[in-house]
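Quick note: the sequence shown uses our numbering, first residue 511, plus one each step. C-beta: ideal position from N, C-alpha, C; glycine also.
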Amino acid sequence: MKRPQILVRIACLLLGADAIHAAAPQVAATQPRNSDQAVAVEVREIVITFDQDMNTAGYSFVGGGPTFPKVTGKPTWRTARQCVLPVELEPGRAYTIGINSASKTNFKNASGEPATPFVLAFTTGGGTAAATAVPGKQAESVKQLREAIERRYSYRDVHKVDWPAAWKQFEPRLLGAKTSREFAVIAGEMLAATQDIHIWLTEGGEIVPAFRRTVVPNANAKLLSTLVAGWAQKHPMVAMGRVGKDTGYIAIHSWERKYAPQLLEAAWAALEELKDAPALVVDVRFNSGGDETLARAFAGCFLRERKRYAQNVNLAASAVTGISAPSSRWIEPTPNRPAYTGKVAVLMGPVNMSSAEAFLLMMRQVPGCKLVGTRSYGASGNPQPHTLANGVTVMLPSWKAMLPDGTEFETTGINPDIDMQTKPGDFTQHDPVLGRAVELLQK
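Here it is, written out as structure tokens:
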């Protein structure tokens with residue numbers, strides 16, 4: 511289940527601060543403004559203003575790939591509330607810049623409370639990068655986009671939108687778009703109303719986002735390395751160590767295919783080192799998914815027999831209802847890899863979606879395994895491409911994911927076995943979710 515991922519481009523460590531607990535900071539204003547179009551390429555600074563004084567010892571500008579601007583210098587704090595990122599912009603480009611993320615939280619106030627993640631998106635004007643649309647193609651593309659949404663979007667009845675009103679508002683702008691890039695940006699603005707993270711567009715080989723989620727993880731990435739004894743980074747996305755008495759710990763932050771096969775090899779190597787530990791914590795609280803086959807290859811190390819972990823139905827034009835009969839998804843024991851037979855707890859939370867949620871369902875099939883944390887995000891779409899006449903491609907979910915009993919969990923998520931309601935301030939010195947899992951395993 512592929513989708514656009516945010517990669518770290520710049521992150522600076524924030525120094526610790528002792529202060530009273532305060533509300534999480536919010537982005538109050540940006541320059542350029544969010545969703546601005548035709549931003550002048552002469553702009554040389556991205557300015558982020560917060561709603562309260564911040565600790566100016568750190569920052570987390572997050573992003574990567576062609577949608578992240580070229581950085582020309584070190585970010586600086588102009589005031590206690592305003593941080594500036596020097597950039598060089600190119601004409602005809604769509605840019606996205608993250609302010610904090612699920613795992614990068616160095617924008618913090620004086621009390622150490624991380625800012626709520628925010629994504630700034632804008633497009634620049636001019637240039638040849640955004641090729642002029644072929645006359646007449648926009649009308650045909652609008653028709654194709656409308657048909658795709660009506661007939662090829664599996665969660666249309668779940669992520670509800672007042673589509674007549676949406677088309678009334680956006681169709682004139684789509685028809686008037688001077689370039690395919692402008693069309694994609696406007697379509698993304700319209701599709702953002704679905705609040706479906708598995709919808710996005712591409713134009714000219716670049717991603718044009720629609721809905722952008724903001725979610726605060728139920729963990730502190732910096733703190734974990736101090737709480738886990740013998741912390742060892744086996745891979746950028748895999749770490750291991752030990753917690754409590756005779757309890758192993760493995761963190762896996764992604765299932766993205768681009769990290770294969772090294773990611774899996776690192777995870778298997780960590781499991782091999784810990785296979786004799788009586789108990790094991792698997793921490794996926796920063797994992798937002800990727801490739802379900804990678805998740806299955808690791809989860810299979812904990813099973814001794816084939817198990818059904820999920821179901822799904824797919825859009826099917828040949829079916830009377832337009833939806834296929836349910837299909838089961840199964841997990842098999844992974845051959846020729848470490849086999850773990852001790853007690854297991856999986857740490858989960860709101861960052862988990864897509865293939866990360868599939869992993870939770872796989873691990874729920876492991877005898878005695880407990881999911882500890884908070885409810886997952888609830889998003890699994892298997893998006894498929896639909897190319898329009900003007901060259902823009904829209905990605906739309908093609909299935910409805912379900913629990914093994916057939917219950918859909920889009921927007922509702924997967925509930926943990928042990929529910930731990932927490933707030934970011936709970937993770938400044940301790941990790942209550944990890945602590946509860948260790949306590950559970952050592953009983």
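Per-residue burial, residue i [other beta carbons within 10 Å of its own, 16 or more giving buried]
i    : result
A539 : exposed
R806 : buried
Q939 : exposed
S545 : exposed
P650 : Correcting the residue type first, residue 650 is Glu in the shown sequence and not Pro. It counts as exposed.
D667 : exposed
W957 : Residue 957 cannot be examined here, being either before or after the span of the chain that is shown, 511 to 953.
S828 : exposed
N846 : exposed
E802 : buried
K910 : buried
G622 : buried
A729 : buried
P682 : exposed
G883 : buried
Neighbourhood of residue i by C-beta, 6 Å cutoff - its chain only, sequence neighbours within 5 removed
i    : result
W587 : T566, C593
L944 : none
A720 : G698, L701, A702, I709, W710
S613 : A731, F796
G891 : H708, P907
I924 : E867, L870, S886
R722 : V629
Whole-angstrom distance between residue j and residue i, CA atom to CA atom
i    : j    : result
L701 : L630 : 17 Å
S570 : P624 : 10 Å
R519 : G574 : Since pLDDT at R519 reaches only 35, below the 50 mark, its modelled position is unreliable, and the value read off the structure follows with that caveat. Using only the alpha carbons, I get a separation of about 5 Å.
Q772 : A676 : 44 Å
V476 : F812 : With the chain running from 511 to 953 in the structure shown, residue 476 is simply not present.
R662 : P907 : 8 Å
H531 : R591 : With a pLDDT of 41 at H531, under the threshold of 50, the modelled position of that residue is not reliable, and the figure given next carries that caveat. The alpha-carbon atoms of H531 and R591 are separated by roughly 18 Å.
M747 : T577 : 22 Å
V718 : Q648 : 17 Å
A640 : L898 : The predicted model places A640 with a pLDDT of 44, which falls under 50 and marks its position as unreliable; any figure quoted below should be read in that light. Spanning the two alpha carbons is a distance of roughly 16 Å.
T921 : E660 : 20 Å
G583 : V597 : 7 Å
F617 : T932 : 20 Å
A550 : P942 : 47 Å
T757 : I607 : 39 Å
A605 : Q743 : The identity of residue 605 in the sequence shown is Tyr, whereas the question assumes Ala. So the alpha carbons of these two residues sit roughly 31 Å apart.
Y769 : G602 : 31 Å
K953 : A787 : 15 Å
L804 : I760 : 16 Å
A658 : K678 : 17 Å
Spatial neighbours of residue i in its chain, beta-carbon cut-off 7 Å, leaving aside the 5 residues before and after
i    : result
S838 : R818, Q821
W741 : S735, A749, G751
V553 : P542, L599
Y850 : L781, K785, L790, C811, F812
V876 : F812, L813, V854
Contact under 9 Å by Cβ, residue i with residue j
i    : j    : result
V902 : L685 : no
N619 : P542 : no
V792 : L857 : yes
V671 : T724 : no
I609 : Y887 : no
I928 : L871 : no
L737 : K853 : no
D563 : V537 : no
L595 : V652 : no
P501 : V726 : There is no way to answer for residue 501, as the model of the chain reaches only from 511 to 953.
P627 : S611 : yes
Close beta carbons around residue i, own chain, < 8 Å, minus the five adjacent residues each side
i    : result
N797 : I762, H763, S764, W765, V861, N862, A866, F869
M912 : A820, Q821, N822, V823, P836, E918, F919
Q547 : F632, T633, G635, E692, V695
M873 : V792, A809, F812, V854, V856, C879, L881
R816 : W840, I841, E842, P843
F937 : N728, A729, N730, L733
Per DSSP, cross-strand counterpart(s) of residue i
i    : result
M747 : Partner(s): none; M747 has no beta bridge.
Q541 : V557
Q894 : L906
M863 : Bridge partners of M863: none, in fact.
G800 : W765
R661 : Paired residue(s): none; R661 is not in a bridge.
T634 : V549
A789 : T757, K853
N956 : This structure leaves residue 956 out entirely; the chain is present only between 511 and 953.
Y605 : F632
R874 : None, per the DSSP bridge assignment.
L595 : I556
E918 : M912
R723 : Answer by DSSP bridge pairing: none, since R723 is not bridged.
M858 : G883
Any C-beta of chain C under 9 Å from that of residue i
i    : result
A889 : Chain labels in this structure do not include chain C; a single protein chain is all it has.
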